[in-house]
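Notes follow once the structure below has been shown.
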Amino acid sequence: MNIEVIDHKGKKVLTLSGEIDMYSSPELREELMGILIKKVPALYIDFGKVSYIDSSGIATFVEGLKYVKSYGGRLQFFSIPGGIMDIFKFSKLDRVFEIYGNLDDAINS
Amino acid sequence: MKDSLKISFSSHPKYLSVVRMVTAKIAEQCGFEKKIVEEIRLAVDEACANVIKHAYKGDTSKEIVLEYTNTEKEFTVILEDKGTKADIRSIKGRDLEKVRPGGLGVHFIRRVFDVFEYDEKRTEGNRLVLRKYLGSEQ
Chain X
79 MNIEVIDHKG KKVLTLSGEI DMYSSPELRE ELMGILIKKV PALYIDFGKV
129 SYIDSSGIAT FVEGLKYVKS YGGRLQFFSI PGGIMDIFKF SKLDRVFEIY
179 GNLDDAINS
Chain P
14 MKDSLKISFS SHPKYLSVVR MVTAKIAEQC GFEKKIVEEI RLAVDEACAN
64 VIKHAYKGDT SKEIVLEYTN TEKEFTVILE DKGTKADIRS IKGRDLEKVR
114 PGGLGVHFIR RVFDVFEYDE KRTEGNRLVL RKYLGSEQ
């Protein structure tokens, strides 16, 4: 898994690629919580190049979502590949996470 | 005819990507469609992660043995470890309506496998049998 933090017109975007599993999710957690602890109003997560996610990766995002909600911020996902979306749907998390087709849709929401 | 493959690996999460690769290849060779291959890959990954987390409590130096068997009637994956015995009665996924971290792995396993069963006769370690009957969802 690779993580890139991009500043897009003043918005924080976390771009992920590769596989998110029990091995890589601690690194994701550190990066995610490291940004959220600063109480950013919104964090955009680019899933476009994510090829795999397991329950530990999902748990990391659920933890991030709970934290962001605690201070009234937003965690917004975009460009989720079909296979990853199936997992979110099966877990009923598609109803919980904010999911958008692309970054512009997320920003304009 | 019975067809099988057995692999053994250290209980380090870095090997899970290798396990996923092998699992997907085996499932593909058994003729499962892409979606089912992905579900089997995730299920076996979750089962191995559970062994690392619960049976070995994060110790990365222990052994996990995986055996895949394919017959005309079923596809079976057996996971063996020498760790702490699983408390079978406490194994249940979280209520999917309740959003909290964790508790999804068991749901991912049960989604694709028809049988999810610990060998209760085992006195040391665990032997988990995952079985998928062929012909239903291929």
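Residue numbers (the working numbering), protein chains in the order written: chain X, 79 to 187; chain P, 14 to 151. For glycine and all other residues, C-beta sits at the position ideal for the given N, C-alpha and C.
- Listed along the chain, the chain P residues whose CB falls inside 8 Å of the CB of X:Tyr122 amount to none; the nearest CB is some 20 Å away.
- For the region 125 to 137 of chain X, residues whose beta-carbon sits nearer than 8 Å to a beta-carbon of chain P comprise Tyr130, Asp132, Ser133, Ser134, Ile136 and Ala137.
- Looking at P:Asn83, P:Phe126, P:Ala62 and P:Glu130, the one whose alpha-carbon comes closest to that of P:Lys19 is P:Asn83.
- For chain X, the residues of the region 56 to 68 of chain P that bring a beta carbon within less than 8 Å of one of its beta carbons are Asp58, Glu59, Ala62, Ile65 and Lys66, in chain order.
- For the region 122 to 138 of chain P, the set of residues with a beta-carbon nearer than 9 Å to any beta-carbon of chain X comprises Arg124, in chain order.
- Taking all protein chains shown into account, P:Arg135 has fewer than 16 neighbouring C-beta atoms within 10 Å of its C-beta and is therefore exposed.
- The DSSP-derived three-state label of X:Ser169 is coil.
- Residue nearest to X:Ser157 within the set X:Tyr122, X:Ser103 and X:Phe139 is X:Tyr122 (criterion: CA-CA distance).
- Here DSSP, grouped into helix, strand and coil, assigns P:Arg135 to coil.
- Proximity to P:Tyr81 across P:Gln42, P:Thr73 and P:Ile65 peaks at P:Gln42, based on C-alpha coordinates.
- If you compare the alpha carbons of P:Glu87, P:Gly138, P:Gly148 and P:Ser23 with that of P:Ser74, the shortest gap goes to P:Ser23.
- Rounded to whole angstroms, the separation of the alpha carbons of P:Asp127 and P:Lys145 is 5 Å.
- Closest in C-alpha terms to P:Phe88, from the list P:Ile53, P:Ile104 and P:Arg124, comes P:Ile53.
- A contact between stretches requires three or more CB pairs, one per stretch, nearer than 8 Å, and the region 46 to 64 of chain P meets this requirement with the region 25 to 37 of chain P.
- For X:Gly161, the C-beta contacts it makes with chain P under 8 Å involve Glu51, in order along the chain.
- In the DSSP annotation of this structure, the continuous segment of the alpha helix (DSSP H) that includes X:Tyr145 starts and ends at Ser133 to Ser148.
- If the five residues before and after P:Val78 are omitted, its C-beta is found closer than 6 Å to the C-beta atoms of Ser21 and Glu93, all from its own chain and listed in chain order.
- For the region 43 to 87 of chain P, the continuous beta strand (DSSP E) assignments of 3+ residues that do not extend past its boundaries occur at 76 to 83, in sequence order.
- Judged by DSSP in its simplified three-state form, P:Tyr28 adopts helix.
- Chain order gives the chain P residues near X:Phe168 as Arg124, where near means a beta carbon separation below 7 Å.
- When the beta-carbon positions are compared, X:Gly151 and X:Leu114 come within less than 9 Å of each other.
- For P:Pro26, the closest alpha carbon among the candidates P:Ile104, P:Val142, P:Asp100 and P:Glu76 is that of P:Glu76.
- Partner residues in the beta bridge of X:Glu82, as assigned by DSSP, are X:Thr93.
- If you ignore the 5 residues before and after P:Gly138, its C-beta comes within less than 8 Å of the C-beta of Ala68, Glu93, Asp94, Lys95, Gly96 and Lys98, all in its own chain and listed in chain order.
- The C-beta of P:Gly116 comes closer than 9 Å to at least one C-beta of chain X.
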